Structures are given as structure tokens and as C-alpha cells.
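Q: First the structure, which I've put down as C-alpha cells, then a few questions once you've had a look.
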Amino acid sequence: MPRIRRRKKVSQRAITLLNQAIVAAGGPENLLVTVANPDIETAQRLFKFPGIGLLVVTGGEAVVEAARKHTNKRLIAAGAGNPPVVVDETADLARAAQSIVKGASFDNNIICADEKVLIVVDSVADELMRLMEGQHAVKLTAEQAQQLQPVLLKNIDERGKGTVSRDWVGRDAAKIAAAIGLNVPQETRLLFVETTAEHPFAVTELMMPVLPVVRVANVADAIALAVKLEGGCHHTAAMHSRNIENMNQMANAIDTSIFVKNGPCIAGLGLGGEGWTTMTITTPTGEGVTSARTFVRLRRCVLVDAFRIV
């Protein structure tokens with residue numbers, strides 16, 4: 001079955017199950033609905049439909065820009081992200097390795113808040129990568145990464161940024177490895193490879209369990225590179241460190257809606273971290289981390305004079 005068709009069926013099945021749960025809890029039928037053939041054109045028709053007063057748009061840059069262009073309704077938009085994770089020389093490396101593999105492989109890295117590029121201080125880089133290999137992650141050679149690049153990315157521009165092949169978005173690590181004839185254990189959660197800061201894997205949001213690793217001389221260089229590779233999305237970032245000053249410097253420099261210290265980026269979504277669970281991080285329209293209150297209208301009903309005690 002083609003992947004586009006399979007994604008539609010998965011979404012439709014998920015909505016069916018959610019509606020069944022809503023009815024079982026005493027809610028109305030068909031509270032959640034979808035369209036048979038989702039595409040940009042269908043979305044544009046929904047954007048303009050007079051019966052819709054609030055738009056919540058999440059996905060790639062194209063659908064967010066389409067929403068902004070085709071409607072003046074209230075828009076809550078979650079845009080792209082390229083979350084960097086920094087590891088300095090003071091970090092608990094075993095914990096960092098476990099968290100990075102867990103976060104970067106969560107949902108096969110489709111989620112915009114997952115770790116997309118690892119930046120590590122040179123003095124601890126080798127040990128960190130060794131520990132990552134003990135967490136069901138496989139290190140690729142430079143030659144293997146070179147073979148994989150044209151499979152995963154097309155139309156690489158002068159900045160090194162490419163167009164991700166949709167056929168590989170969200171695929172299992174073992175299947176991605178098999179594309180270049182590499183056999184890895186089926187339980188492999190993540191592929192990672194050392195790259196330069198300019199490598200297409202580092203500057204492109206891949207949305208698959210392939211993680212570029214960039215070495216730097218010190219934590220100052222790591223923070224500066226993290227800001228650069230995050231690309232001004234102001235979405236999500238993480239740092240593993242025992243140095244509060246280092247974490248404070250990165251938090252201020254990166255200026256993201258979510259900043260996770262000493263855990264996987266998904267902790268910032270409420271999955272193992274503090275706060276409520278949220279899957280819509282709306283940096284482009286300014287709401288940031290959303291909650292149920294984000295999607296409702298706060299109202300005030302006032303009675304003047306009567307029932308007023310002075």
C-alpha cells in the first residue's frame with residue numbers, strides 16, 4: 001500500500017477509536033471528523049469555510065504558510081523545528097546517551113520536538129557515542145552516510161539544506177539501513193553518524209531516526225552552533241550538563257518554546273517531564289506550549305447594580 005494512502009487510513013482509524021472513547025465517556029458522536037483525501041487544496045477550502053472560526057494548523061512550512069495566506073481567521077500554527085541537543089564535559093554521559101536515543105527515536109523522529117542534531121564537546125564525544133551504541137543505536141561510517149545521503153535527501157541547496165524524501169520519513173532505522181545494503185538488528189532504534197556542522201543531515205530536519213553528531217571544542221562553541229542549526233525556529237532544544245551556568249547561557253541564547261535539561265526533548269511535551277501534555281508547540285503564532293485553554297474563548301458575563309454589595 002502506498003505510504004500516503006497508509007497514513008490516511010491510520011489517521012482515519014485513530015479518529016474512529018477516539019470517537020468511540022468519547023461516546024463511551026458520555027460525549028457526543030462524531031466530535032472528531034476528517035476528510036477522505038487530505039491535501040493542501042482541501043485544507044484551503046476548510047480555511048475559508050464560514051462555519052469554522054478557529055484554525056489549528058500543524059505540519060510543514062507549506063501548510064502553515066497556506067493557512068496564513070488564505071484566511072484572516074484566528075490561527076494557531078505549529079511550524080517546523082530542528083531541535084539541537086548539546087552535551088558538555090560535565091554531563092552524566094550514561095544518562096545523556098539513554099535520553100538522546102530515546103528522544104531521537106521517539107515515533108521514529110517524525111515529531112518536530114524530537115532531537116534532530118547532537119552537538120557534543122570533543123573531550124566526551126567518543127565516550128558518549130560508545131554509550132549510545134549500548135542503547136540500541138548504530139553508528140554509521142562516513143562512507144555509509146555518503147551512500148545514504150542521496151537516498152534520504154534531494155535538491156540540496158547552497159546552504160546544504162535538502163528536500164527530504166517522503167518515502168523515508170518515519171521509517172524504522174533497520175529499513176533505512178537496508179536501503180544501502182546494511183544489515184542491523186531489527187531492534188535498532190537509531191542510526192547516528194559524525195558529520196560537519198555544514199552537512200545536509202545537520203541543517204535539514206530529517207524526521208527519521210538518523211541523527212548527525214557534530215564535535216566542537218568547548219561549550220561556548222556548542223551553544224553558538226546550536227543556535228545556528230536551530231535555524232530561528234525557536235521550537236525546542238535540549239542540553240545535558242551539571243553546570244547550571246552553562247544551562248542558563250544556552251536557555252537564553254537558544255530562546256525556544258521548550259528547553260529541556262538532562263532529559264529527552266519529549267519530556268518538554270509532558271512525556272516524563274513536568275507540566276501538562278501538549279503536542280502542539282505554536283511558536284510561529286506566539287502561543288508557545290499550548291493547553292486546553294489555548295483553544296477556547298475566555299468570556300465575561302457582568303451584572304451591574306443589582307446583586308452588587310458595596
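Quick note, the sequence shown lines up with residues 1 to 310 if you use UniProt numbering.
From the three backbone atoms N, C-alpha and C, an ideal C-beta is built for every residue, glycine too.
These numbers were taken from a predicted model, which means no experiment stands behind them.
Are the CB atoms of G263 and S99 nearer to each other than 9 Å?
A: Locating residue 263 in the sequence shown gives position 263, where the first residue counts as 1. Locating residue 99 in the sequence shown gives position 99, where the first residue counts as 1. Closer than 9 Å, so yes.
Q: Once the 5 residues before and after V296 are set aside, which same chain residues still bring their CB inside 6 Å of it?
A: The residue labelled residue 296 in the question sits at position 296 within the sequence shown. Excluding sequence neighbours, V296 sits near nothing in its chain.
Q: Please tell me whether G170 and M208 are closer than 9 Å, where the distance is taken between their beta carbons.
A: In the sequence shown, the residue the question calls residue 170 occupies position 170. In the sequence shown, the residue the question calls residue 208 occupies position 208. Yes, Cβ-Cβ distance for G170 and M208 is below 9 Å.
Q: Residues in its own chain within less than 7 Å of K154 by CB, not counting five upstream and five downstream?
A: Within the sequence shown, numbered from 1, the residue matching residue 154 stands at position 154. G162, T163 and S165.
Q: Excluding the 5 residues preceding and the 5 following M1 in the sequence, name in chain order all residues of the same chain whose CB lies nearer than 7 Å to its CB.
A: Against the sequence shown, residue 1 aligns to sequence position 1. Model confidence at M1 stands at a pLDDT of 45, short of 50, so the residue's coordinates are unreliable; what they give is reported in the following sentence. Correct list: empty, nothing qualifies.
Q: Along the chain, where does the alpha helix (DSSP H) that runs through L42 open and close?
A: For this step, residue 42 is matched to residue 42 along the sequence shown. In the sequence as presented, Leu is not what sits at residue 42; that position holds Thr. I40 to K48 is the extent of the alpha helix (DSSP H) around T42.
Q: Excluding the 5 residues preceding and the 5 following A113 in the sequence, name in chain order all residues of the same chain whose CB lies nearer than 8 Å to its CB.
A: Position 113 of the sequence shown, counting from 1, holds the residue named residue 113. Correct list, in chain order: G81, P83, H235, T236, I258, C265, I266, G268, L269 and I281.
Q: Between which residues of its own chain and C233 is the CB-CB distance below 7 Å, once the five residues before and five after are set aside?
A: In the sequence shown, residue 233 corresponds to position 233, counting from 1. Closer than 7 Å at Cβ, skipping near neighbours: G79, A80, G81, N82 and T283.
Q: List, from N- to C-terminal side, the beta strand (DSSP E) runs of 3 residues or more that fit wholly inside the stretch 243-305.
A: The qualifying runs are 258-261.
Q: Quick check: A173 and V184, are their CB atoms within less than 9 Å of each other?
A: Residue mapping note: residue 173 aligns to position 173 of the sequence shown, counting from 1. Residue mapping note: residue 184 aligns to position 184 of the sequence shown, counting from 1. Closer than 9 Å, so yes.
Q: Just verifying my parser: in three-state terms, what is the DSSP assignment at residue 318?
A: Since the first residue shown for the chain is 1 and the last is 310, residue 318 is missing from the structure and cannot be characterised.
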